[in-house]
Amino acid sequence: MHMADALISPAVGGLMWAATAGLTVYSARKVKEELDDRKVPLMGVLGAFIFAAQMINFTIPATGSSGHLGGGMILAILLGPYAAFLTMASILTVQALFFADGGLLALGCNIFNLGFFPCFVAYPFIFRNIVGAGANARRILTGSMISAILALQMGALGVVLETFFSGISELPFSTFLLVMQPIHLAIGIVEGMATAAVVTFVWKARPEVMELAAAPEPLTRVSLKPVLVGLLAVAFITAGVLSWFASASPDGLEWSMARTSGKEELEAPEHGLHALLAAAQKATAFLPDYGFKEQEQDKVVPREPAAKVQEVESWPSVNGGTSVSGIVGAMLTLAMAGLIGFGLRRYQQRA
Amino acid sequence: MPKIESSFLDISRLDALASQRTLIHGLDPRAKIVTTLIFIFIVVSFPKHEVTALVPFTLYPVVLIALANLPPGYLFQKVLLAAPFAFFVGIFNPLLDSEVLIHLGPVGISGGWVSFASIMLRFGLTVGAALVLVATTGMNGIGAGLEKLGAPNSFAVQLTFLYRYLFVLTDEAARMVRARSLRSFGIKGTEVKVFGYMIGHLLLRTMDRAQRIHQAMLCRGFTGELRLPVPLKFSWRDMGFLAGWSSLFILMRLVNIPQWMGLLVTEVLG
């Protein structure tokens, strides 16, 4: 469920970072306004609790597998949306740093997918409406189930959209959607059961704990508006600023053009080492042709063929050569990086 | 269960690595955080069929691992453990994109495999850089650095608080799980109901703990805002680290060094 850095583009990552940063600042301000300084240690310790709770598994009825608590919903129920969002953000940051779950650029996406939806959508609009003032065991069960399932569905949709707009994965939108949504339906049901079990227990053992979260300032439609307006503004600004990154790598279109022209039969002519080396020599002769693509770098022309391998598609002779030289060069670079590391380590140990 | 316990032991190993004293550990957290973010941003900004130009970026983690005296094998293992999501999404590329992109003599490599290789390389680089950041800076350093960089105080405090109690609560949960499994004579699964009781008790104890912590904090003069006690000084050395690496990253983004070297070599041989 965690997005990975490797699958997102800078534009998507930056946009989600900006959105998440805005939400974090907004939530931090709201938590401060609540002036309940008991929440400071409570949030920290509950964040650690989510990690600890994930060590305790339960068996999913009728299947052999096991599930555990995900976190977003239960935090929202216990802490209220703003504090829960901050806690969720800190949990995901620690996961990204220490468990390499997701990544630092994808952190914005992950906090949004797993924090925003349960805290600002599922909790105020679903759980609250169902459980409301008169909590009882059945309402808690239905409320937890429905809100956990919907929060995870929205989160999964977020993952699909982010992956799709990044364009690194080849997965078609609909296929990925059809894989992700049912999987997260199952995960959502499990999460709902776990959440309901814990909330029911707490509600029976110490009902005042849940009141604590419910009491300060109910979250209404009105108070959610600034979040959405701010989000939209941030999104537009970031998209504007970052869009040049997308256009700096116009490979999507070129790639699909190369694909539709279907050049596979042209690859046949040369085989063997000699042909490849000859091609490598020829490659240099072709290179000036690509100079116009990036005028500001005509001094470093040789990089062109690898950066835009797909363009070279129609000249197989060049292609063979450049890919060989690319691989040779990559090996050399790796070896050099390794040597530098080794040398530095020796130096470090002597010092 | 021993598996999960050991994964938390792992955190303390990263923590121990972060408490070393080397040139890199001594740098200001802000310099390392910003450099890491620039690194990740630039690595991710390459077009999706790029492989060779990404290779020089291994220099950054390699140099830091060497200078900061980190165990490379251990970090590599951690990177592998995190790989499944990127791997399973990426592995569809070869299936969906079978257009031949690179010709190596008689062998054609499809665009899908090229972009898959690119995804895995990006994955290793970005995750490696993040792990190196933690292992050279530590959570307290990162929290303080984030606050100085403009993150809300309550978020930075939350981060350090969570990290402080992570060890305490995971120990507690591990003891509960062990106690249950000893009393249930090796029955594997836990019912949802028992699960609810266990987590519920853990939760109540956690909340009591939070109350005790709060009282202790009040006794020590807590007024609602927490100051992080890590003194930070951004010196010329930090500036040099940030500027040096950033310009190298930009250079490596603009110039495909392996391609250039490879052309040189193949030409000499040819």
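Protein sequences, first through last, are from chains A and B. Taken in order, the first sequence gives residues 7 to 357; the numbers are from this note's numbering. Taken in order, the second sequence gives residues -8 to 261; the numbers are from this note's numbering. Using N, Cα and C, we set each Cβ at its ideal position, and we do this for glycine too.
- Residues of the region 122 to 138 of chain B whose Cβ lies closer than 8 Å to any Cβ of chain A, in chain order: Leu122, Leu124, Val125, Met130 and Ile133.
- Boundaries of the beta strand (DSSP E) harbouring B:Leu95: Val91 to Leu95, taken from the DSSP string.
- Proximity of B:Asp19 to chain A, defined by a Cβ-Cβ separation below 8 Å, is not satisfied.
- Closest in C-alpha terms to A:Leu110, from the list A:Pro124, A:Phe122, A:Phe123 and A:Ala95, comes A:Ala95.
- In the structure shown, B:Ser36 adopts coil according to DSSP, grouped into three states.
- Taking 8 Å as the threshold, the shortest C-beta distance from B:Arg200 to chain A falls below it.
- With 16 or more other CB atoms across the displayed protein chains lying within 10 angstroms of its CB, A:Arg134 is buried.
- Annotation for B:Gly99: no alpha helix (DSSP H) segment contains it, though the beta strand (DSSP E) segment containing it runs Val98 to Ser101.
- Between the region 14 to 27 of chain B and the region 82 to 90 of chain B, the count of C-beta pairs closer than 8 Å stays below three; the two stretches do not touch.
- The shortest C-alpha to C-alpha distance from A:Ala211 to any of B:Thr26, B:Ile204 and B:Gly187 is the one to B:Gly187.
- In the three-state reduction of the DSSP assignment, B:Phe48 falls in the helix class.
- Closest by C-alpha distance to A:Glu197, out of A:Gln159, A:Glu39 and A:Ala154, is A:Ala154.
- Close partners of B:Phe32 in chain A (Cβ separation under 7 Å): Pro16 and Leu111.
- Between B:His16 and chain A, the shortest Cβ-Cβ separation is not below 8 Å.
- Two segments are said to touch when three or more pairs of C-beta atoms, one from each, lie closer than 8 Å; by this definition the region 119 to 139 of chain B does not touch the region 99 to 107 of chain B.
- Listed along chain B, the residues sitting closer than 8 Å to A:Ser175 by beta-carbon distance are Val80, Gly81, Phe83, Asn84 and Ile110.
- The shortest CA-to-CA distance from A:Thr201 to any of A:Val185, A:Arg145, A:Val51 and A:Ala25 is the one to A:Arg145.
- Closest in alpha carbon position to A:Val165, among A:Leu120, A:Leu98, A:Leu75 and A:Gly335, is A:Leu120.
- Neighbourhood of A:Pro47 in chain B, by CB distance below 7 Å: Phe152, Ala201, Ile204, His205 and Met208, in chain order.
- The alpha-carbon of A:Met49 is positioned some 43 Å away from that of B:Leu242.
- Per DSSP, the continuous alpha helix (DSSP H) segment holding A:Val185 begins and ends at Phe179 to Ala211.
- Taking a C-beta cut-off of 9 Å against chain B, the contacting residues of the region 332 to 353 of chain A are Gly332, Ile333, Val334, Gly335, Ala336, Met337, Leu338, Thr339, Leu340, Met342, Ala343, Gly344, Ile346, Gly347, Phe348, Gly349, Leu350, Arg351, Arg352 and Tyr353, listed in chain order.
- Note on A:Thr181: under 16 other CB atoms within 10 angstroms of its CB, so exposed under the neighbour-count rule.
- Residues of the same chain with a CB within less than 6 Å of the CB of A:Met160, apart from the 5 flanking positions on each side, are Phe123 in chain order.
- Straight-line spacing of the CA atoms in A:Pro16 and A:Gly173 works out to 11 Å.
- The C-alpha of B:Leu95 is placed about 18 Å away from the C-alpha of B:Ala44.
- Around the beta carbon of A:Cys125, 16 or more other beta carbons sit within 10 angstroms, so the residue counts as buried.
- Shortest Cα-Cα distance from A:Leu92 to any of A:Met186, A:Phe170 and A:Gly114 involves A:Gly114.
- Between B:Met167 and A:Ile62 a beta carbon distance of about 7 Å is seen, short of the 8 Å cut, so the two are scored as contacting.
- In terms of CA proximity to B:Glu41, B:Leu92 leads the group B:Leu92, B:Ala170 and B:Val53.
- Scanning B:Val183, B:Thr151 and B:Arg203 for the CA closest to the CA of B:Ala135 turns up B:Thr151.
- For A:Met186, same chain residues with a beta-carbon under 7 Å away, outside a window of 5 residues either side, are Ala162, Val165 and Val166 in chain order.
- Excluding sequence positions up to five before and after B:Asp229, its CB lies within less than 8 Å of the CB of Leu18, Asp19, Arg21 and Ala22, all in the same chain and listed in chain order.
- Of all residues in the region 192 to 206 of chain A, only Met199, Ala200, Ala202, Ala203, Val204, Val205 and Thr206 come within less than 9 Å of chain B when Cβ atoms are compared, listed by chain position.
- Relative to the Cα of A:Asp107, the nearest Cα in the group B:Val34, B:Met208 and B:Val118 belongs to B:Val118.
- Bounds of the alpha helix (DSSP H) holding A:Pro87 are Pro87 to Phe104.
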